[in-house]
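Student:
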Amino acid sequence: MATLRERRRAETRREIGERAAELFERQGFAATTVEEIAEAAGISLRTFYRHCPVKEEALTPLLIQGVFDLAGELARQPEDEPLAVAARAAILRSAAHHDDAFWRRVVPVVLAEPALRASWLSAGRQAQETLIPLVADRLGCAETALRARVTAGLLINVATTVVEHWAGTDAATPLDAVVAEAFEAAAAFGTD
Numbered sequence: 014m015a016t017l018r019e020r021r022r023a024e025t026r027r028e029i030g031e032r033a034a035e036l037f038e039r040q041g042f043a044a045t046t047v048e049e050i051a052e053a054a055g056i057s058l059r060t061f062y063r064h065c066p067v068k069e070e071a072l073t074p075l076l077i078q079g080v081f082d083l084a085g086e087l088a089r090q091p092e093d094e095p096l097a098v099a100a101r102a103a104i105l106r107s108a109a110h111h112d113d114a115f116w117r118r119v120v121p122v123v124l125a126e127p128a129l130r131a132s133w134l135s136a137g138r139q140a141q142e143t144l145i146p147l148v149a150d151r152l153g154c155a156e157t158a159l160r161a162r163v164t165a166g167l168l169i170n171v172a173t174t175v176v177e178h179w180a181g182t183d184a185a186t187p188l189d190a191v192v193a194e195a196f197e198a199a200a201a202f203g204t205d
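With my numbering, letter number 22 in the sequence shown gets 35, and the count goes up by one each step, no holes.
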C-alpha cells in the first residue's frame with residue numbers, strides 16, 4: 014500500500030497532468046508555459062520541476078496511469094480465460110477508469126505535438142514492459158521468451174491504437190465496438 018507521501022506525490026502529478034492537458038488543448042503546447050501549468054495546478058514552479066523536469070513530461074503521469082490500470086485489470090481477469098478474451102476485457106475495464114471526454118480532448122493534442130507524442134510512445138513501451146510478466150504467466154512461458162514479449166507488444170499496440178482511433182471518432186462511437194474491431198483486425202493478421 015502506498016504511503017501518504019506517495020499518494021500526495023501521485024495526486025500532485027495527476028493535477029499537473031490534468032491542468033497541462035487543459036492548457037495544451039486551449040492554447041496549444043508551444044504557447045503554454047511551465048509557469049502557467051504550475052499556477053493552474055496550484056503549485057510552485059519548484060514543485061512543478063520536482064515532478065516534471067521538462068514541460069513535455071507534464072502529461073506523463075496521466076499516460077502512465079493508463080498503463081497501470083490496464084496491467085491491473087489484466088491481472089484481475091480469471092486465469093482460465095483465454096488471453097485474447099482477458100485482454101479485451103482488461104482494455105474495456107481500464108478505459109472505464111477514465112473520463113471519456115477527457116481522453117477525446119487530450120489524445121488529439123498528444124498526437125499533434127511531436128514532444129507529447131514521444132511521451133505517449135514512451136508510455137506505450139513502459140506498458141509493454143509492465144505487461145510482459147502478466148502475459149508470460151498466462152502463456153506459461155518465461156518472461157524472456159519472444160512469445161511473451163511479442164504478445165505484450167501486440168496487446169499494448171492494440172490498446173493504444175484503439176484509444177487513438179476512438180478519440181478521433183464522434184462521441185456516439187462506443188469504445189467496445191472499436192475494441193472488437195481491433196481484435197478482429199489483429200486476429201486476421203495471422204490468417205492472411
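Every residue gets a Cβ at the ideal spot worked out from N, C-alpha and C, and that includes glycine.
Fair warning: this is a prediction, and the values are worked out from it, not measured in the lab.
Find the nearest neighbour of Glu70 within the set Val80, Ala128, Thr157, judged by alpha-carbon distance.
Tutor: Closest by alpha carbon: Ala128.
Student: Considering only the alpha carbon of each residue, which of Arg27, Glu197, Ala200 lies closest to His111?
Tutor: Among Arg27, Glu197, Ala200, the Cα nearest to that of His111 is on Arg27.
Student: Which two residues bound the contiguous alpha helix (DSSP H) that contains Ile56?
Tutor: Where Ile56 is concerned, there is no enclosing alpha helix (DSSP H), given that its DSSP letter is neither H nor E.
Student: Whose CA, out of Gly181, Arg22, Leu159, lies closest to the CA of Trp116?
Tutor: Ranking Gly181, Arg22, Leu159 by Cα distance to Trp116 puts Gly181 first.
Student: Please state the DSSP three-state secondary structure of Ala43.
Tutor: Looking at Ala43 - three-state DSSP - the assignment turns out to be coil, as it is neither helix nor strand.
Student: If we ignore side chains and look at the alpha-carbon of each, how far apart do Ala195 and Ala102 end up?
Tutor: For Ala195 and Ala102, the distance between alpha carbons rounds to 13 Å.
Student: Mapping the DSSP letters down to three states, classify Pro91 as helix, strand or coil.
Tutor: Reduced to three states, the DSSP call for Pro91 is coil.
Student: Along the chain, where does the alpha helix (DSSP H) that runs through Thr182 open and close?
Tutor: Thr182 -> no alpha helix (DSSP H), and no H or E assigned at all.
Student: At 4 residues or longer, what runs of the alpha helix (DSSP H) sit wholly inside the stretch 62 to 89?
Tutor: The stretch 62 to 89 contains these whole alpha helix (DSSP H) runs: 73 to 89.
Student: If you draw a straight line from the alpha carbon of Leu87 to that of Glu126, how long is it in whole angstroms?
Tutor: One C-alpha to the other measures close to 30 Å.
Student: What's the gap between the Cα of Val191 and the Cα of Val175?
Tutor: Distance between the alpha carbons of Val191 and Val175: 6 Å.
Student: In the DSSP assignment, find the alpha helix (DSSP H) that holds Thr143 and state where it starts and stops.
Tutor: Thr143 -> alpha helix (DSSP H) spans 127 to 152.
Student: Using a threshold of 8 Å, state whether the C-beta atoms of Leu168 and Leu144 are closer than that.
Tutor: Taking 8 Å as the Cβ cut-off, Leu168 and Leu144 qualify as a contacting pair.
Student: For a test of the three-state rule: what should DSSP assign to Asp113, helix, strand or coil?
Tutor: The answer is helix: DSSP assigns Asp113 an H, G or I state.
Student: Among Trp179, Asp183, Pro95, Glu197, which has the Cα closest to the Cα of Leu147?
Tutor: Of the listed residues, the one whose Cα sits closest to Leu147 is Pro95.
Student: Of all the options Leu124, Ala114, Val122, Asn170, which has the alpha carbon lying nearest to the alpha carbon of Gln139?
Tutor: For Gln139, the nearest C-alpha among the options comes from Asn170.
Student: I need the DSSP call for Glu156, collapsed to helix, strand or coil.
Tutor: Glu156: coil per DSSP, three-state reduction.
Student: Which two residues bound the contiguous alpha helix (DSSP H) that contains Ala15?
Tutor: Premise fails: Ala15 is in no alpha helix (DSSP H) and is neither H nor E.
Student: Count the other CB atoms, across all protein chains shown, that sit within 10 Å of the CB of Pro74; report buried if there are 16 or more and exposed otherwise.
Tutor: Answer is buried; the Cβ neighbour count reaches 16.
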